[in-house]
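K.L.:
Right, I'll just put the structure down here and ask away after.
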Amino acid sequence: ATSTCDSFDSFWTLDCDTFEPLAGRQFTTSMLLCAVSRHLSGKPVLGRDDIDDATISYLLVETSSQLYLIEKLPADNQMHDNYNENVSRFRQEWSRRPFQYSGAVNIEI
Numbered sequence: 002a003t004s005t006c007d008s009f010d011s012f013w014t015l016d017c018d019t020f021e022p023l024a025g026r027q028f029t030t031s032m033l034l035c036a037v038s039r040h041l042s043g044k045p046v047l048g049r050d051d052i053d054d055a056t057i058s059y060l061l062v063e064t065s066s067q068l069y070l071i072e073k074l075p076a077d078n079q080m081h082d083n084y085n086e087n088v089s090r091f092r093q094e095w096s097r098r099p100f101q102y103s104g105a106v107n108i109e110i
């Protein structure tokens, strides 16, 4: 799968979610978003009214150990087609795992 960020004519949004600040962090969220935005192709969408189906949405996720830049998939993506069926099948398989005490792992993630 190729990223849609390769197109210069594309428009994008960038948001940030901090689960836990990066260890030794010496920058603000605004500084981080500005630094990342300089490396994205296309043009930023500044107003929520300008967002359409062709707009690429990025999310910058900050954890205590790393930063992740994620391209959000549109809701009509093929991965969403059989979501409920896939979740149901996964839950059945999860209940048959050999070590039941490993239930501390959240299957919703």
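Last residue of the sequence shown: number 110 in the working numbering, and the count goes up by one each step with no gaps. Note that CB positions come from ideal geometry on N, CA and C, so glycine has one too. This one's a predicted model, so the numbers in the text were calculated from it and none came from an experiment.
1) Nearest to Asp50 by alpha carbon, out of Thr14, Gln67 and Leu70?
2) Unbroken beta strand (DSSP E) runs of length 3 or more, entirely within the region 16-63: which are they?
3) Can you give me the C-alpha to C-alpha distance between Pro75 and Phe91, rounded to a whole angstrom?
4) To the nearest angstrom, report how far apart Leu34 and Phe12 are at their CA atoms.
5) Measuring CB to CB, does Val62 end up less than 8 Å from Asp18?
6) What first and last residue would you give for the beta strand (DSSP E) that runs through Leu74?
7) Would you check if the distance between the CB atom of Glu21 and the CB atom of Ser89 is smaller than 8 Å?
8) Looking only at C-alpha atoms, which of Met32, Thr29 and Leu41 sits nearest to Leu70?
9) Beta-carbon within less than 8 Å of Leu68's beta-carbon, same chain only, minus the 5 sequence neighbours each way: which residues are those?
P.N.:
If we stick to the structure as given:
1) The option with the nearest alpha carbon to Asp50 is Thr14.
2) Listed in chain order, the complete beta strand (DSSP E) runs (minimum 3 residues) inside the region 16-63 are 57-63.
3) Distance between the alpha carbons of Pro75 and Phe91 is about 23 Å.
4) Computed Cα separation, rounded: 16 Å.
5) Yes. Within cutoff.
6) Here Leu74 belongs to no beta strand (DSSP E), and DSSP marks it neither H nor E.
7) Going by beta carbons, Glu21 and Ser89 fall outside the 8 Å limit.
8) Comparing Cα positions, the closest option is Leu41.
9) Here the set comprises Leu23, Leu33, Leu61 and Val62.
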